[in-house]
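Asker: Just so you know, we're using my numbering here: the sequence shown kicks off at 1100 and counts up by one.
Note that CB positions come from ideal geometry on N, CA and C, so glycine has one too.
Just so you know, these numbers come straight off a predicted model, no measurement behind them.
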Amino acid sequence: MTREGVCKAFQLSPELLASLEAGGVLKPGEDGAFELADVAAALFNYGIRRAQAADEKLAAVGAALNDALPALQRLSTLPDHAELQGEARERVTMELATFFNGFAGLMARATAALQEKE
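1. Over the uninterrupted alpha helix (DSSP H) stretch that includes Ser1118, give me the two end residues.
2. Rounded to whole angstroms, how far is the Cβ of Leu1195 from the Cβ of Leu1174, which I believe are closer than 8 Å?
3. Jot down the residue ranges of each uninterrupted alpha helix (DSSP H) in the segment 1111-1190, minimum 4 residues, whole runs only, in chain order.
4. With C-beta atoms as the reference, is Leu1116 less than 8 Å away from Arg1102?
5. Within its chain, find whatever has a CB closer than 8 Å to the CB of Val1191; leave out the 5 residues flanking it on each side and keep chain order.
6. With DSSP collapsed to three states, give me the class of Met1100.
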């Protein structure tokens, strides 16, 4: 197969094909042509490796969030632990509400982005 044939058969842009070649994922034969089965196998293996790497990254993010959960829970009860009263309690409560709303928005966007890729 020619480079153009690989791009057409696998719906790759010429830039992506060049990147895959530069990264050693795809290798043309001595004549500069590609074997269909070799390209299919290489792209499949590349996709599997990328999926595994993504899963590992997601697991690491999940573990980090779990590690942070006790601190977030303690932060949510700060006005009580600090025995704040009156105006100081209201200000701290408002700031905490702002933080947790922002954090919830961040988590919602991250979740949406992850679900978009599924």
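Answerer: The answer reads as follows:
1. Start and end: 1113-1121.
2. 7 Å between Cβ atoms; contact.
3. 1113-1121, 1135-1175, 1177-1180, all fully within the segment 1111-1190.
4. Yes, these two residues count as a Cβ contact at 8 Å.
5. Cβ neighbours of Val1191 beyond the five flanking positions: Leu1177, Pro1178, Ala1181, Leu1183.
6. In the structure shown, the three-state DSSP call for Met1100 is coil.
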